[in-house]
Amino acid sequence: MNKKINGIDASPGYSIGIAYIYSEMELDLKKDRTGRAELEIEKLLEARNKSKNQLVSIMEKTVLILGKDKAEIFQGHITLLEDEDLLEEVIELIKGDSLSAEYALNVGIEGYCEMLDNLDDEYLRERGADLRDIAKRWLKNILGIEIVDLSSLPKDTIIIAKDLTPSDTAQLDLKNIVGFVTEIGGKTAHSSIMARSLEIPAIVGTGNICSQVKSGEEIAIDAVEGIVIISPTKEEKDDILSKKESFLQEKEILKKLKDVEAISKDGITVGTWANIGDPKDVPGVLRNGGLGIGLYRTEFLFMNSDKFPTENEQFIAYKNVVEAMDGKPVTIRTMDIGGDKSLPYMDLPKEENPFLGWRALRVCLDRPEILKSQYRALLRTSMYGIVKIMLPMVISIEEVRKAKAIFEECKKELRAENIPFKDNVELGIMVETPAVAFRAKQFAKEVDFFSIGTNDLTQYTLAVDRGNENIAHLYDTYNPGVLEAIKLSIEGAHFGGIKISMCGEFAGDSEATALLFGMGLDAFSMSAISVPKIKRNIRELNKSDCVALVERVMEKSTSEEVLIEIRKFNKKYL
Ligand code: PEP
Ligand code: MG
Numbered sequence: 001m002n003k004k005i006n007g008i009d010a011s012p013g014y015s016i017g018i019a020y021i022y023s024e025m026e027l028d029l030k031k032d033r034t035g036r037a038e039l040e041i042e043k044l045l046e047a048r049n050k051s052k053n054q055l056v057s058i059m060e061k062t063v064l065i066l067g068k069d070k071a072e073i074f075q076g077h078i079t080l081l082e083d084e085d086l087l088e089e090v091i092e093l094i095k096g097d098s099l100s101a102e103y104a105l106n107v108g109i110e111g112y113c114e115m116l117d118n119l120d121d122e123y124l125r126e127r128g129a130d131l132r133d134i135a136k137r138w139l140k141n142i143l144g145i146e147i148v149d150l151s152s153l154p155k156d157t158i159i160i161a162k163d164l165t166p167s168d169t170a171q172l173d174l175k176n177i178v179g180f181v182t183e184i185g186g187k188t189a190h191s192s193i194m195a196r197s198l199e200i201p202a203i204v205g206t207g208n209i210c211s212q213v214k215s216g217e218e219i220a221i222d223a224v225e226g227i228v229i230i231s232p233t234k235e236e237k238d239d240i241l242s243k244k245e246s247f248l249q250e251k252e253i254l255k256k257l258k259d260v261e262a263i264s265k266d267g268i269t270v271g272t273w274a275n276i277g278d279p280k281d282v283p284g285v286l287r288n289g290g291l292g293i294g295l296y297r298t299e300f301l302f303m304n305s306d307k308f309p310t311e312n313e314q315f316i317a318y319k320n321v322v323e324a325m326d327g328k329p330v331t332i333r334t335m336d337i338g339g340d341k342s343l344p345y346m347d348l349p350k351e352e353n354p355f356l357g358w359r360a361l362r363v364c365l366d367r368p369e370i371l372k373s374q375y376r377a378l379l380r381t382s383m384y385g386i387v388k389i390m391l392p393m394v395i396s397i398e399e400v401r402k403a404k405a406i407f408e409e410c411k412k413e414l415r416a417e418n419i420p421f422k423d424n425v426e427l428g429i430m431v432e433t434p435a436v437a438f439r440a441k442q443f444a445k446e447v448d449f450f451s452i453g454t455n456d457l458t459q460y461t462l463a464v465d466r467g468n469e470n471i472a473h474l475y476d477t478y479n480p481g482v483l484e485a486i487k488l489s490i491e492g493a494h495f496g497g498i499k500i501s502m503c504g505e506f507a508g509d510s511e512a513t514a515l516l517f518g519m520g521l522d523a524f525s526m527s528a529i530s531v532p533k534i535k536r537n538i539r540e541l542n543k544s545d546c547v548a549l550v551e552r553v554m555e556k557s558t559s560e561e562v563l564i565e566i567r568k569f570n571k572k573y574l
């Protein structure tokens with residue numbers, strides 16, 4: 001049946017493909033299988049074998065794509081899977097307690113994991129997360145549930161899911177996946193942000209789409225307007241294809257601005273940088289003419305590993321980015337875990353309000369060894385280009401001072417170890433909370449630069465969860481309260497004599513360029529695909545016109561009035 005479903009345009013583009021419903025179902029573990037012990041043991045062993053073969057094949061694929069180092073994780077998984085003590089224990093449970101294979105395995109693994117969770121040795125504690133991951137595979141194989149490998153789906157697949165985690169998104173195979181649609185999530189959810197860096201068309205927040213599409217059905221997505229068409233007609237497909245062609249042509253035209261700077265008509269240059277989540281994103285930045293990196297979200301390096309990456313592993317990743325950017329500034333943010341980004345091996349506590357909980361700098365100050373390994377790796381990287389370090393989720397000057405003290409400690413250690421680094425590496429903070437925006441003048445005395453994270457600043461100023469589609473209509477950076485917070489941050493930075501950029505998604509909103517330029521923003525950092533558009537905007541503007549626009553806008557009472565004023569201006573000048 002031909003049907004249209006609306007959602008939020010999370011990453012622009014057009015695609016036609018075959019739907020694949022991706023769902024993580026609850027596993028149904030039946031307890032008793034009295035009198036069938038032999039059969040259950042056989043199922044257990046068969047599934048173990050199957051799991052091993054799957055892991056070997058994933059390992060071989062990983063060697064080819066990501067190299068031997070990354071593939072070692074799976075060797076570790078195989079070793080855990082083959083642990084004979086665990087197997088014996090599970091077999092005992094099947095025989096002694098007349099349990100089903102799946103139930104006994106679950107009990108056995110949980111017992112093991114609990115024991116590991118309580119150990120002092122961090123390395124062994126982290127193995128608990130691995131074991132749970134392996135158990136899921138093993139259990140699914142016992143139950144005959146198909147295990148989806150998101151990195152090897154057929155050509156022209158469009159994934160349909162309730163939600164995709166950032167690590168699901170990171171696994172997507174760009175050769176075969178031409179889009180994704182999720183039931184929940186907003187524009188600034190991390191899977192949306194990643195879709196933009198991967199340049200995959202994506203629509204989020206569609207409501208119950210999973211029950212309305214079947215795997216194998218043809219669908220078309222218009223991820224500029226946020227429309228999914230199930231079983232499109234020939235006319236609808238032709239329409240999508242022609243829009244796709246113009247979209248790609250416009251993209252090519254804008255890319256001609258690749259090597260030029262964003263200089264306004266009256267000669268003011270602003271930075272046009274890009275945000276990345278992985279060294280693999282750098283070619284996209286260069287292709288789109290990003291003249292620096294304003295935000296490298298390093299937590300993905302931590303999330304794509306099965307243990308804390310060592311100082312050296314981090315050094316290699318950061319150095320790759322800095323070298324590839326060839327002398328252009330690279331702003332690297334310390335780990336921002338928590339909120340919607342979890343770290344299985346870290347056992348983050350379950351929280352009622354994770355976005356208000358133990359996340360980002362809070363975690364790093366409580367676990368300074370994490371911050372130290374990151375600082376040391378970053379300082380070492382400074383020898384290869386321009387590295388700026390940025391702290392996320394700050395709320396107080398005490399936090400900044402503590403983080404600075406640890407930074408100085410790391411420098412001292414490196415000096416003592418005769419490890420070279422540049423002494424003038426800048427340490428800045430993100431402005432993501434009203435607490436910093438209101439007191440920007442004071443914070444500016446403490447740090448080298450600011451970067452406004454509007455994704456969080458909007459959610460914290462308005463008390464609107466950025467990932468909750470039920471209140472997505474309230475999530476609005478044009479709300480005058482948020483604009484005031486942005487303006488105060490820029491004024492505070494300049495009062496204190498430091499530069500300020502913006503790395504939240506608002507920086508890439510073409511409608512907001514004139515307003516932000518008029519407020520005095522020094523650099524825009526965004527998804528790489530937005531760089532050419534923002535460059536073009538700046539090149540069409542005069543600063544004095546934009547300053548006058550800011551004055552008019554700040555007099556307005558509602559977002560609607562703000563947008564009317566901005567659109568009038570943009571129509572005239574852009
Ligand atoms: C932000 O909050 O605007 C930001 C850039 O950080 P993140 O989206 O990673 O939370
Ligand atoms: Mg943030």
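In our numbering, the protein residues as written are 1 to 574.
Beta carbons are placed, not taken as given, at the ideal position from N, Cα and C, and that holds for glycine.
Everything numeric in this text was worked out from a predicted model, so none of it was measured.
Practice task
Using 10 angstroms around the beta-carbon of I5, count the other beta-carbons present and answer buried if the total reaches 16, otherwise exposed.
Solution key: I5 sits buried, since 16 or more C-beta atoms from the chains shown fall within 10 Å of its C-beta.
Problem - Separation of K556 from K372, as counted between CA atoms - result: 46 Å
Practice task
Report whether the distance from the Cβ of P392 to the nearest heavy atom of the ligand MG is below 8 Å.
Solution key: yes
Handout entry: Bridge partners - V181, DSSP secondary structure assignment
Key = I160, I203
Handout entry: Opening and closing residue of the beta strand (DSSP E) in which G294 lies
Key = 293-297
Exercise for the section: Answer yes or no: the CB of N455 versus the heavy atoms of the ligand MG, is any distance below 8 Å? Expected result: yes
Problem - Buried/exposed call for D32, threshold 16 Cβ in 10 Å - result: exposed
Exercise for the section: Taking M115 as part of the alpha helix (DSSP H), name the residues at either end of that continuous run. Expected result: 101-117
Practice task
Find out if the Cβ-Cβ distance for the pair I160, T188 is shorter than 9 Å.
Solution key: no
Problem - DSSP-derived helix/strand/coil call for F421 - result: coil
Practice task
Have a look at D509 and D366 and give me their C-alpha separation to the nearest angstrom.
Solution key: 35 Å
Problem - Reduced DSSP secondary structure (H/G/I, E/B, other) of P329 - result: strand
Exercise for the section: Check whether the Cβ of E432 sits closer than 8 Å to any heavy atom of the ligand FAD, and report yes or no. Expected result: The ligand FAD is not part of this structure, which contains only the ligand PEP and the ligand MG.
Practice task
Would you tell me roughly how many angstroms separate the C-alpha atoms of E102 and L93, rounded to the nearest one?
Solution key: 11 Å
Practice task
Give the single residue among E351, D336, M303, V322 whose Cα lies nearest to the Cα of Y345.
Solution key: M303
Exercise for the section: Report the option in A37, Q75, S231, K68 whose CA atom is closest to the CA atom of N53. Expected result: Comparing C-alpha distances from N53 to each of A37, Q75, S231, K68 shows the shortest one belongs to Q75.
Handout entry: Same chain, Cβ closer than 6 Å to T477, neighbours up to 5 away in sequence not counted
Key = These residues qualify, in order along the chain: T454, T458, F506.
Problem - Other residues of its chain near W358: CB distance less than 8 Å, five sequence neighbours each side excluded - result: Closer than 8 Å at Cβ, skipping near neighbours: G338, L348, P349, E351, D366.
Practice task
Going by DSSP, name the residue or residues bridged to L391.
Solution key: I429
Handout entry: Reference S15, options I227, S100, L150, closest by Cα
Key = I227
Exercise for the section: Would you list the residues sitting across from F524 in a DSSP beta bridge? Expected result: T272, M502
Problem - Enclosing alpha helix (DSSP H) for K533 [first to last residue] - result: 531-539
Handout entry: Nearest-angstrom Cα separation, counted from L80 out to N578
Key = Absent from the model: residue 578. The displayed extent of the chain is 1 to 574, so no value can be given.
Exercise for the section: Compute the minimum distance between the beta carbon of D336 and the heavy atoms of the ligand MG, and state whether it is under 8 Å. Expected result: With a cutoff of 8 Å, D336 counts as near the ligand MG, since its C-beta is closer than that to a heavy atom of the ligand.
Practice task
Please confirm whether any heavy atom of the ligand PEP lies closer than 8 Å to the CB of C503.
Solution key: yes
Handout entry: Range covered by the alpha helix (DSSP H) that runs through I219
Key = Not the alpha helix (DSSP H): I219 falls in the beta strand (DSSP E), residues 218-222.
Exercise for the section: Measure the Cβ-Cβ separation of S264 and K543 and say whether it is below 9 Å. Expected result: yes
Problem - Coarse secondary structure for N176, derived from DSSP in three states - result: coil
Exercise for the section: Go through its chain and collect everything with a Cβ distance to K487's Cβ below 8 Å, but skip five positions before and after it. Expected result: M519, V550, M554
Handout entry: Pick from L87, A274, G294 that is closest to I286, judged by C-alpha positions
Key = In the sequence as displayed, the identity of residue 286 is Leu instead of Ile. Of the listed residues, the one whose Cα sits closest to L286 is A274.
Handout entry: Unbroken beta strand (DSSP E) run spanning A10, endpoints
Key = 8-11 is the span of the beta strand (DSSP E), which, as asked, contains A10.
Handout entry: Classification of F407 by the beta-carbon crowding that lies within 10 angstroms, buried from 16 upward
Key = buried
Practice task
Note down, in chain order, each residue of its chain lying with its Cβ closer than 7 Å to the Cβ of G284, except the 5 sequence neighbours on either side.
Solution key: S197, E199, A528
Practice task
Give me whichever residues DSSP pairs with D32 in a beta bridge.
Solution key: Answer by DSSP bridge pairing, in chain order: L99.
Handout entry: C-beta atoms of M333 and M430 nearer than 9 Å
Key = In the sequence under discussion, the amino acid at residue 333 is Arg, which differs from the Met named in the question. Yes; because the gap between Cβ atoms is below 9 Å, this pair is in contact.
Handout entry: I145, enclosing alpha helix (DSSP H) - first and last residue
Key = Premise fails: I145 is in no alpha helix (DSSP H) and is neither H nor E.
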